[in-house]
Amino acid sequence: MTIEEYKKQSIDRINRQAVVAGAFTHCFDKRAQSERQRTSERKRRLRALVRSNITDIDVLAQYFVISVNTIKKIAYSAGYRISNGQVVESVMR
8 MTIEEYKKQS IDRINRQAVV AGAFTHCFDK RAQSERQRTS ERKRRLRALV
58 RSNITDIDVL AQYFVISVNT IKKIAYSAGY RISNGQVVES VMR
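Residue numbers for the sequence shown follow the numbering used here, beginning at 8 and rising by one.
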């Protein structure tokens, strides 16, 4: 490998890392927007599943293909609470 090839590989690697980190124009805005959309879609689907009486945390986590802790965070942000591994309607709703 020549010095020029090595430099090109280094620059390419740095640029790929910068793209992943969102260092180029509007990447942070787009990533934040897609994250908000994904979260709101998950909340909507979670509400529908809870209404249809699917409330077990483990089952919901498998359905969404995410961790149990993440589904708990989504449930809390959607206004539910967790009791004995089940998603329960919050009293304050």
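Beta carbons: idealized from backbone N, C-alpha and C, even for Gly.
Note that the structure is predicted; figures quoted are calculated from it, not measured.
Q.
Looking at residue 82: is its Cβ nearer than 8 Å to the Cβ of residue 74?
A. no
(Q) Give me the DSSP bridge partner(s) of residue 63. (A) 93
Q | residue 93 to residue 42 span [Cα, whole Å] | A | 25 Å
Q: Within the same chain, show all residues whose beta-carbon is closer than 7 Å to that of residue 85, passing over the 5 residues directly before and after it, in chain order.
A: 50, 53, 54
**Q.** Neighbourhood of residue 70 by C-beta, 8 Å cutoff - its chain only, sequence neighbours within 5 removed
**A.** 56, 61
Q. Can you give the Cα-Cα distance for residue 89 and residue 59, rounded to whole angstroms?
A. 17 Å
Q: Give the straight-line distance between the Cα atoms of residue 18 and residue 38, rounded to the nearest whole angstrom.
A: 24 Å
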